[in-house]
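Novice:
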Amino acid sequence: HILQEPLPGSILLHPTMKRSSDKLQSGSMTVRVATEADDVDIANLRLSVFSDFAPEVRAHFCNRSCQVLSNRRLQGATCLVATVPMTTKMIGDDFVLGSAECSVHEFYGTQLGMSRLPESVLYITEVAVNPCARQIGVGRKLLEGVDELASIRGVETLYLHVDVTNFAALRLYERAGYQQVDSQDPIFGEFTTKLNLHDGATKGRNHYLLYKDLTPYPTWINAAVEQQKESQHSNCFGFDLQ
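Using the numbering used here, the first residue of the sequence shown is number 1319, and each one after it goes up by one.
1. Measuring only the C-alpha atoms, how far is V1480 from G1522?
2. By a C-beta neighbour count over all protein chains shown, 10 Å radius and 16 as the cutoff for buried, is I1537 buried or exposed?
3. Hey, which unbroken runs of the alpha helix (DSSP H) at 4 residues or more fall wholly within the segment 1371 to 1451?
4. Can the beta-carbon of T1401 be found closer than 7 Å to that of D1411?
5. Just confirm the distance between the C-beta atoms of L1363 and K1459, as a whole number of angstroms; I'd bet it's less than 8 Å.
6. Which word fits L1387, buried or exposed, when buried means at least 16 other C-beta atoms lie within 10 angstroms of its C-beta?
7. Given that a residue counts as buried once 16 or more other Cβ atoms are within 10 Å of its Cβ, and exposed if not, what is M1347?
8. Going by beta carbon distance, what residues of the same chain come within less than 6 Å of Q1322, once the five residues before and after it are set aside?
9. For G1345, collect the residues of the same chain with a Cβ closer than 7 Å to its Cβ; drop the 5 residues on either side in sequence, then sort them by chain order.
10. With a threshold of 16 other CB atoms inside 10 Å of the CB of L1559, please say whether the residue is buried or exposed.
11. Using 8 Å as the threshold, is the segment 1444 to 1453 in touch with the segment 1417 to 1430, meaning 3 or more CB pairs across them?
12. Should T1475 and Y1529 be called a contact, given that it needs their Cβ atoms to be closer than 7 Å?
13. Would you say the segment 1420 to 1439 touches the segment 1505 to 1513, given that touching needs at least three Cβ pairs under 8 Å?
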């Protein structure tokens, strides 16, 4: 596993003010690249947002979630966390208010992935905000952190899926500059199906595919030409290479 810039622990967004009370404020947040030491906090955050497991089984699923985090990190995924300083613990401790994961392996073998230059796209998933920290700008800060991460890596376009009934998240993304991919676009159907997020696949839920271009002229490759080149290369000896 090769570490990518920015390295784990790197700060992407610094706080603009100090936390001087128990009141949570967006200006006191730091957005940084998560480290392995954050995995338990991220796992518990995801469990609190995406599931309703009973306390007696929560620890088991937390351990499984940490394993998933570790495995995805080995595949090149990067987690971001939005944190604030603890007010009741030693200086240096912080509290995770939200997290988001960015990765590229979702694009492998897809029409969308073959239509873009390697590392020019990034997929955002597992955006989670602590239920006790809603409506204070945590999601917005995380998306700003994603933009900063993408800028450092030279990413041209960000992609994500959102449940069509999650109106709060949809407003957040649209305000951050995301647009919907036309559902009639073949890329939408193929990519969404590949991730098993097509209509009705996950407990009857439907999803939009959103994108945000970070450059005025993102680079696109003719996927059909690339596939033809690969086919010609595999047949250059008169038989298919296995």
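All C-beta atoms in this analysis are idealised placements derived from N, C-alpha and C, irrespective of residue type, glycine included.
Model, not experiment: these values are computed from the prediction.
Specialist: Based on what the coordinates show:
1. Computed Cα separation, rounded: 14 Å.
2. Correcting the residue type first, residue 1537 is Thr in the shown sequence and not Ile. Exposed, since its Cβ has fewer than 16 Cβ neighbours within 10 Å.
3. Entirely contained in the segment 1371 to 1451, the alpha helix (DSSP H) runs reaching 4 residues are, in chain order, 1373 to 1392, 1429 to 1432.
4. No, they are not a contact pair.
5. Not really, about 15 Å apart at Cβ, beyond 8 Å.
6. So L1387 ends up on the buried side.
7. The residue is buried, with at least 16 neighbouring Cβ atoms inside 10 Å.
8. Within the same chain, Q1322 has no close Cβ partners at all.
9. When the five nearest sequence neighbours on each side are left out, the beta carbons in the same chain lying within less than 7 Å of the beta carbon of G1345 are those of P1333, T1334, M1335, in order along the chain.
10. Below a pLDDT of 50, predicted positions are generally treated as unreliable, and L1559, at 40, falls in that range; the measurement from the model is reported next regardless. A residue is called buried once 16 or more other Cβ atoms fall within 10 Å of its Cβ, and L1559, having fewer, is exposed.
11. Touching, per the Cβ criterion.
12. The answer is yes: Cβ separation under 7 Å.
13. Judged by Cβ distances under 8 Å, the segment 1420 to 1439 makes contact with the segment 1505 to 1513, as three or more pairs qualify.
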